[in-house]
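Undergrad:
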Amino acid sequence: MSQLAIYLIGAPRAGKSAVFDALTMTPEGPHFTTRSGHRYGAVKVPDARLDALREIYRPKKYTPAEVTFVDPASSGASPTKFGEMTGLLGNADAFALVVQAFETVDGEGRPLDAVAQAESVLLELIVTDLEKVERRLERIVQDRKRGQKTSEAEVKLLERLREELGRDRALRDVELREDEEKLLRTYQFLSQKPVLIVANLAEEALTTGVPAPLRAMAAARRIEVLPFCAPLEAEIARLDAASQADFLRDYGLTEPGRVRLLQSAYRALRLISFFTVGEDEVRAWPVHEGTNALGAAGKIHSDIERGFIRAETVAYDTLLQSGSWSKCREDGTLRLEGKEYLVRDGDVMHFRFNA
Ligand SMILES: Nc1nc2c(ncn2[C@@H]2O[C@H](COP(=O)(O)OP(=O)(O)O)[C@@H](O)[C@H]2O)c(=O)[nH]1
Ligand SMILES: [Mg+2]
Numbered sequence: 000m001s002q003l004a005i006y007l008i009g010a011p012r013a014g015k016s017a018v019f020d021a022l023t024m025t026p027e028g029p030h031f032t033t034r035s036g037h038r039y040g041a042v043k044v045p046d047a048r049l050d051a052l053r054e055i056y057r058p059k060k061y062t063p064a065e066v067t068f069v070d071p072a073s074s075g076a077s078p079t080k081f082g083e084m085t086g087l088l089g090n091a092d093a094f095a096l097v098v099q100a101f102e103t104v105d106g107e108g109r110p111l112d113a114v115a116q117a118e119s120v121l122l123e124l125i126v127t128d129l130e131k132v133e134r135r136l137e138r139i140v141q142d143r144k145r146g147q148k149t150s151e152a153e154v155k156l157l158e159r160l161r162e163e164l165g166r167d168r169a170l171r172d173v174e175l176r177e178d179e180e181k182l183l184r185t186y187q188f189l190s191q192k193p194v195l196i197v198a199n200l201a202e203e204a205l206t207t208g209v210p211a212p213l214r215a216m217a218a219a220r221r222i223e224v225l226p227f228c229a230p231l232e233a234e235i236a237r238l239d240a241a242s243q244a245d246f247l248r249d250y251g252l253t254e255p256g257r258v259r260l261l262q263s264a265y266r267a268l269r270l271i272s273f274f275t276v277g278e279d280e281v282r283a284w285p286v287h288e289g290t291n292a293l294g295a296a297g298k299i300h301s302d303i304e305r306g307f308i309r310a311e312t313v314a315y316d317t318l319l320q321s322g323s324w325s326k327c328r329e330d331g332t333l334r335l336e337g338k339e340y341l342v343r344d345g346d347v348m349h350f351r352f353n354a
């Protein structure tokens with residue numbers, strides 16, 4: 000994962016574009032680029048720990064993690080039909096499912112039913128995958144008839160997935176072995192990707208929160224649901240930092256919507272951060288939970304992975320308390336970790352390697 004991409008999906012007029020506007024708004028105005036009608040907005044992931052490390056090192060370069068939000072161009076009359084967008088959506092690392100939860104009627108003029116709206120989009124991800132599985136299985140049958148060699152393991156796995164998808168089960172809820180996971184990677188299945196729900200609420204509803212039925216539905220699927228008021232969040236994001244804090248307090252919000260959404264996305268993606276520090280650069284590296292030191296090294300450069308010797312590692316708060324790398328070395332809090340060491344959130348790492 001070089002650059003994380005979170006794609007906004009949802010029913011027509013659910014407020015995807017309005018949420019995107021809020022997520023990419025800055026005091027200097029909206030910040031995004033457009034390609035083939037799709038809007039891409041790169042934002043930096045705020046991290047107070049990284050800020051504190053910058054204070055210590057005063058580096059030439061300061062590099063927070065970056066996430067790109069994508070607002071896909073809707074495709075004509077039925078923008079929720081993923082069929083023609085499958086290729087594009089396959090590039091997503093995660094989806095933010097925007098659910099209209101303001102007004103009393105939905106984007107198509109029917110009485111508002113936020114739960115049904117969310118369920119229908121989630122089902123569409125599943126159906127898109129099911130169609131893909133079926134196409135692939137048919138193809139394999141054809142190949143066999145022509146005497147081509149096909150993989151029995153792949154057929155077995157696809158048949159199992161067909162059954163699960165047929166029962167409306169998302170692939171993210173299907174347990175897969177590591178080799179199966181690997182086999183499926185090129186398929187870019189949509190229902191396998193982490194999802195979070197953005198409940199686009201009316202301003203008045205912010206105090207009462209996400210409606211209970213939507214909360215229950217999300218909880219049952221172990222999906223996080225985020226209360227969000229798109230126009231209000233856009234207004235907040237336009238303010239300078241000082242007025243932002245006042246404004247947030249008035250609405251009983253702890254953080255701007257963008258920050259809350261990023262935190263939720265990190266949880267959905269099971270991401271943690273390790274840091275590299277120095278006078279040249281202070282930088283955050285997002286990695287999946289369970290990444291070992293060797294994998295972390297590979298995030299930075301394949302040469303560092305190849306020549307890996309040891310990872311000098313210290314917990315962020317320990318480094319902060321002692322104030323410097325050399326003090327940590329003196330105190331014996333700096334550890335020398337091997338390839339298999341499991342990276343923890345907040346580790347500060349320096350890799351020794353053979354060039
Ligand atoms: N009142 C209200 N209107 C909204 C909100 N979010 C979006 N809208 C309006 O709903 C309409 C559809 O929103 P849009 O973001 O274009 O939906 P999309 O089709 O999902 O991209 C637009 O007229 C928006 O101005 C909201 O939180 N409150
Ligand atoms: Mg739109």
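Residues 0 to 354 in numbering that gives the first Met the number 0 are what the sequence shown lists, from first letter to last. Note that beta-carbon positions come from the ideal geometry of N, C-alpha and C, so glycine has one too.
(1) Measuring only from the beta carbon, is Asp-239 closer than 7 Å to any heavy atom that is part of ligand 2?
(2) Report whether the distance from the Cβ of Lys-15 to the nearest heavy atom of ligand 2 is below 7 Å.
(3) Under 7 Å Cβ to Cβ from Gly-75, same chain only, skipping five residues before and after it: list those, please.
(4) Buried or exposed: Thr-290, going by 16 or more other Cβ atoms within 10 Å of its Cβ?
(5) Can you grab the Cα-Cα spacing for the pair Leu-129 / Ile-139, in whole Å?
(6) Looking only at its chain, what residues have a beta carbon closer than 6 Å to the beta carbon of Leu-124, apart from the 5 residues adjacent to it on each side?
(7) Determine the burial state of Ile-222: buried for a count of at least 16 other Cβ atoms within 10 Å of its Cβ, exposed for fewer.
(8) Quick one: using the 10 Å Cβ neighbour count with 16 as the cut-off for buried, is Ser-366 buried or exposed?
(9) Put Gln-191 into one of helix, strand or coil per three-state DSSP.
(10) For Val-342, count neighbouring C-beta atoms within 10 Å of its own C-beta (all shown protein chains included) and say buried if the count is 16 or more, exposed if not.
(11) Any idea if Pro-78 is buried or exposed, counting beta-carbon neighbours within 10 angstroms, 16 or more meaning buried?
(12) Alpha carbon to alpha carbon, what distance is there between Val-173 and Tyr-6?
(13) Whole angstroms are fine: how far does the CA of Asp-239 sit from the CA of Tyr-61?
(14) If you pair each beta-carbon of the segment 47–67 with each one of the segment 278–288, do three or more pairs fall below 8 Å?
(15) For my contact list, Val-18 and Phe-227 are in at a C-beta cut-off of 8 Å; report their separation, rounded to the angstrom.
(16) Would you kindly report the start and end of the unbroken alpha helix (DSSP H) that includes Asp-178?
TA: If we stick to the structure as given:
(1) As a working mapping, residue 239 is identified with position 240 in the sequence shown. No, since every heavy atom of ligand 2 falls outside the 7 Å radius drawn around the Cβ of Asp-239.
(2) Within the sequence shown, the letter at position 16 stands for residue 15. Lys-15 Cβ: within cutoff of ligand 2.
(3) Residue numbering aside, residue 75 sits at position 76 when the sequence shown is read from its first letter. For Gly-75, the predicted model reports a pLDDT of 45, less than 50, meaning its position is unreliable; a value from the coordinates is still stated below. The answer is none, since no qualifying residue turns up.
(4) Translated into positions along the sequence shown, residue 290 becomes position 291. Label assigned to Thr-290: buried.
(5) Here residue 129 refers to the residue found at position 130 when the sequence shown is read from its first residue. Here residue 139 refers to the residue found at position 140 when the sequence shown is read from its first residue. Their Cα atoms are separated by approximately 15 Å.
(6) Indexing the sequence shown from 1 puts residue 124 at position 125. For Leu-124, where only same-chain residues beyond five positions count, the Cβ hits under 6 Å are Leu-189 and Ser-190.
(7) By 1-based counting over the sequence shown, the position of residue 222 is 223. Buried.
(8) Residue numbering for the chain in the displayed model covers 0 to 354; residue 366 lies beyond these limits and cannot be assessed.
(9) If you number the sequence shown from 1, residue 191 lands on position 192. Three-state DSSP puts Gln-191 in coil, outside helix and strand.
(10) Translated into positions along the sequence shown, residue 342 becomes position 343. Counting Cβ neighbours within 10 Å, Val-342 comes out buried, since at least 16 surround it.
(11) As a first step, residue 78 is located in the sequence shown; it is residue number 79 there, counting from the start. Since pLDDT at Pro-78 reaches only 47, below the 50 mark, its modelled position is unreliable, and the value read off the structure follows with that caveat. Per the 10 Å Cβ criterion, buried.
(12) The residue you call residue 6 lines up with position 7 of the sequence shown. The residue you call residue 173 lines up with position 174 of the sequence shown. Distance between the alpha carbons of Tyr-6 and Val-173 is about 22 Å.
(13) On the sequence shown, residue 61 is found 62 positions in, with the first residue counted as 1. On the sequence shown, residue 239 is found 240 positions in, with the first residue counted as 1. Each residue's alpha carbon lies about 21 Å from the other.
(14) yes
(15) In the sequence shown, the residue the question calls residue 18 occupies position 19. In the sequence shown, the residue the question calls residue 227 occupies position 228. Yes, they are in contact, since the Cβ atoms of Val-18 and Phe-227 sit about 7 Å apart, within 8 Å.
(16) Counting from one through the sequence shown, the residue named residue 178 turns up at place 179. Note, Asp-178: alpha helix (DSSP H), 177–183.
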